[in-house]
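Take a look at the structure below.
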Amino acid sequence: MSILAYEQTIQEGSSVYLYENYETIHPIIIRKGSIFQCRFGAFHHADLIGLRYGSKIFARTGMGWMYCLAPTAELWTIALTHRTQILYAVDISIVCMYLELKPGCVVLESGTGSGSLSTSIARTVAPNGHLYTFEFHELRAKQAQEDFKANKLQELITVTHRDVCKLGFGMSHVADAIFLDLPSPWVVVPSASEALKPNGMLCSFSPCIEQVQKTCEALREAGFAELQTLECLLRIHDVKPTQVEHMSFGDEEPLEAGSSGPASGAGPTPSGAHTQTHDSDQDGQCMEDASGPTSIPAENCETDPPSEIQHELLIEPGESSSEQGPSGTGAVP
Ligand SMILES: C[S@@+](CC[C@H](N)C(=O)[O-])C[C@H]1O[C@@H](n2cnc3c(N)ncnc32)[C@H](O)[C@@H]1O
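Residue numbers (my numbering): 506 to 838.
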């Protein structure tokens, strides 16, 4: 099992993401004899072998349990070790969409950073596309390469230790798309233009409008057309049962006991209880972040028999998904 290949059951050598809660996910490779230790206790890899992905695994010591999830690019963005600021789900989605990525595409990226976006790009261009990612911080480049190998993406991603601002990409007319997440992206625009195929797409991700302005100027000078600047904001809503006081709207007819209330099914009911819009697990606690909310148990310390995870999609009020305030620039040369 990897981000690219689907399997139902966990075996020796399988990649498993141990899910504690939405913010805490531990990626492991199953090795009989190995033990994963955390605050919930000791989890013996051998106990996972033969389980279906999605199962609960109980610690042999302690009372804790976690879910054994299959690796995905989405979960990797949450689980990865942050060596830099990273792109999150909303920005990644819009970048992949606007760059028109699909299987077979050749993509250039700089910098690699923590490899959050790289992982999603690789998953999108697989099985016959390729991502060439450039990073000038040697250790980061090496660590990213190790992460890609652990996720079995090494055939799809080439990591190059290189300062693209000084040396450029060193390629001509090979790329369907280029993504820049650099402090001075405008410096790289001439080299990116050279590396793109005709009609190729370029996206630059910058936290400051001044950076965006300079990049747009450089893109126009290099002959790029159809420039767009976007900011993606994620709005999350919390939808759950709650009690509100009955509000009078004047001459409304009193509803009889047992009536189903307003035809829409929304709004206050005669008893004053707000209509339930989702029947979440009573023991569940809604935890969410910008990448996508889900309902999970508050405590990983119950003794229920193992069952498979059930995701419930909720929407919660919240902020933008990006640590950087995102402003993207898309363009066609
Ligand atoms: C914000 S991080 C990229 C994060 C990445 N998009 C992700 O989602 O994980 C920016 C990276 O660009 C690298 N970088 C900065 N200037 C560079 C240059 N001139 N050439 C190559 N890499 C550079 C930095 O070392 C850093 O790792």
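Note that CB positions come from ideal geometry on N, CA and C, so glycine has one too.
Per DSSP, which residues does residue i bridge with? Please list them.
i, result
"Gly-481", "Outside the shown range of the chain, which is 506 to 838, sits residue 481, and nothing can be said about it."
"Asn-656", "None; Asn-656 has no bridge partner."
"Ile-533", "Val-521"
"Ile-662", "Leu-636"
Classify residue i as helix, strand or coil using the three-state DSSP reduction.
i, result
"Leu-632", "For clarity, residue 632 is Pro in the given sequence; the question names Leu instead. Three-state DSSP puts Pro-632 in coil, outside helix and strand."
"Leu-707", "strand"
"Ala-723", "helix"
"Ser-625", "helix"
"Glu-731", "strand"
"Thr-747", "coil"
"Glu-640", "strand"
"Ser-785", "For Ser-785, the pLDDT reaches just 35, beneath the cut-off of 50, and the residue's location in the model is therefore unreliable, although a value from the coordinates is still provided. In this structure, Ser-785 counts as coil in the three-state DSSP scheme."
"Arg-557", "strand"
"Thr-566", "strand"
"Ala-795", "Bear in mind that the predicted position of Ala-795 carries a pLDDT of just 36, short of 50, making it unreliable; the figure below should be weighed with that in mind. It is coil, neither helix nor strand."
"Thr-514", "strand"
"Leu-574", "strand"
"Ile-583", "helix"
"Ile-508", "coil"
By alpha-carbon positions, which one of the options ends up nearest to residue i?
i, options, result
"Ala-547", "Leu-523, Phe-641, Arg-557", "Leu-523"
"Leu-604", "Val-664, Ile-515, Ser-625", "Ser-625"
"Gly-559", "Thr-566, Ala-575, Gly-567, Arg-565", "Ala-575"
"Phe-674", "Arg-645, Pro-695, Asp-686", "Pro-695"
"Ala-682", "Glu-699, Ser-619, Leu-592, His-666", "Glu-699"
"Pro-532", "Ala-584, His-666, Arg-628, Ser-619", "Ala-584"
"Ser-615", "Val-669, Ile-562, Ala-594", "Val-669"
"Lys-537", "Phe-729, Ser-519, Leu-622", "Ser-519"
"Ser-711", "Ala-697, Leu-687, Met-571, Phe-729", "Leu-687"
"Ile-508", "Thr-589, Val-717, Leu-580, Ala-727", "Leu-580"
"Leu-672", "Lys-657, Phe-639, Glu-651, Ala-646", "Phe-639"
"Glu-528", "Arg-557, Glu-517, Cys-543, Thr-582", "Thr-582"
"Leu-724", "Thr-589, Leu-738, Leu-739, Gly-705", "Gly-705"
"Leu-738", "Pro-703, Ile-562, Ile-597, Met-568", "Ile-597"
"Leu-732", "Thr-720, Arg-740, Ile-662", "Thr-720"
"Val-600", "Gln-648, Ser-621, Gln-650", "Ser-621"
"Thr-617", "Asn-633, Thr-589, Ala-631", "Thr-589"
"Ser-488", "Thr-586, Lys-745, Arg-628", "Lying outside 506 to 838, the shown extent of the chain, residue 488 is not represented and no answer is given."
"Thr-514", "Ser-539, Phe-541, Lys-561, Arg-544", "Lys-561"
"Gly-728", "Leu-701, Ser-753, Cys-610", "Leu-701"
"Ala-888", "Arg-544, His-742, Ser-677", "The structure shown does not extend to residue 888, since the chain is modelled only from 506 through 838, so no value can be given for it."
Counting only beta-carbon separations shorter than 9 angstroms, does residue i have a partner in chain D?
i, result
"Ser-753", "Of the chains in the structure shown, none is chain D; there is only one protein chain."
Unbroken beta strand (DSSP E) runs of length 3 or more, entirely within the region 586 to 619: which are they? 611 to 615
Within the region 664 to 707, ranges of the alpha helix (DSSP H) (whole runs, at least 4 residues): 669 to 672, 694 to 700
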